[in-house]
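Participant: Quick one: this structure, given as structure tokens, is what I'll be asking you about.
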Amino acid sequence: MSIINNINKAFDHRIRLGIMSILMVNEYADFKMLKELLEVTDGNLASHTKALEKVEYIKVEKQFIGRKPNTRYSATKLGKLEFKKHINALEKLINKQ
């Protein structure tokens with residue numbers, strides 16, 4: 001078995017890695033929180049959250065707070081499992097030397 005087998009392509013971009021890292025330690029995060037923590041544009045964040053939603057690694061909830069729309073994200077069980085496998089694979093790769 002190759003040492004890169006569990007490296008997940010869904011997490012190959014730093015923004016997606018950041019989104020999942022935030023969601024692993026927080027029950028949920030809204031769009032504004034992710035945008036501020038990751039220091040990315042609306043468009044960048046939207047495209048990367050869509051990619052993670054498509055593979056069912058994050059759950060998206062849209063709601064209104066007062067009259068303002070609010071989008072919040074949380075990691076799914078599958079997303080948490082796959083992210084842990086990805087991080088473990090990276091650690092094995094780093095420690096291989």
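Residue numbering for the sequence shown follows full-length UniProt numbering, beginning at 1 and increasing consecutively.
Backbone N, C-alpha and C fix where the C-beta goes; we use that ideal spot for every residue, glycine too.
1) Report the partner residues of isoleucine 58 according to the DSSP bridge assignment.
2) Tell me which same chain residues have a C-beta within less than 8 Å of the C-beta of isoleucine 15, skipping the five on either side of it?
3) Rank Glu53, Gly66, Phe64 by C-alpha distance to the C-alpha of residue 99 and give the top, closest one.
4) What does the Cβ neighbour count give for leucine 81, buried or exposed, with the cut at 16 atoms within 10 Å?
5) Can you give me the C-alpha to C-alpha distance between proline 69 and lysine 92, rounded to a whole angstrom?
6) CA-CA distance, asparagine 5 and isoleucine 22?
7) Grab the span of the alpha helix (DSSP H) containing phenylalanine 11 for me, first residue to last.
Facilitator: So, to answer that:
1) Position 58 of the sequence shown, counted from the start, is the residue given in the question as residue 58. Bridge partners of isoleucine 58: Ala75.
2) Indexing the sequence shown from 1 puts residue 15 at position 15. Setting aside the 5 residues that flank it on each side, isoleucine 15 is surrounded in the same chain by Leu38, Val40, Asn44, Leu45, His48, each with a C-beta closer than 8 Å to its C-beta; the list follows chain order.
3) The question about residue 99 has no answer, for the chain in this structure spans 1 to 97.
4) Position 81 of the sequence shown, counted from the first residue, corresponds to residue 81. Leucine 81 should be labelled exposed.
5) As a first step, residue 69 must be located in the sequence shown, where it is residue number 69. As a first step, residue 92 must be located in the sequence shown, where it is residue number 92. When rounded, the distance between both Cα atoms is 42 Å.
6) Walking along the sequence shown from the start, residue 5 turns up at place 5. Walking along the sequence shown from the start, residue 22 turns up at place 22. When rounded, the distance between both Cα atoms is 24 Å.
7) Residue numbering aside, residue 11 sits at position 11 when the sequence shown is read from its first letter. Where phenylalanine 11 is concerned, there is no enclosing alpha helix (DSSP H), because DSSP gives it neither an H nor an E.
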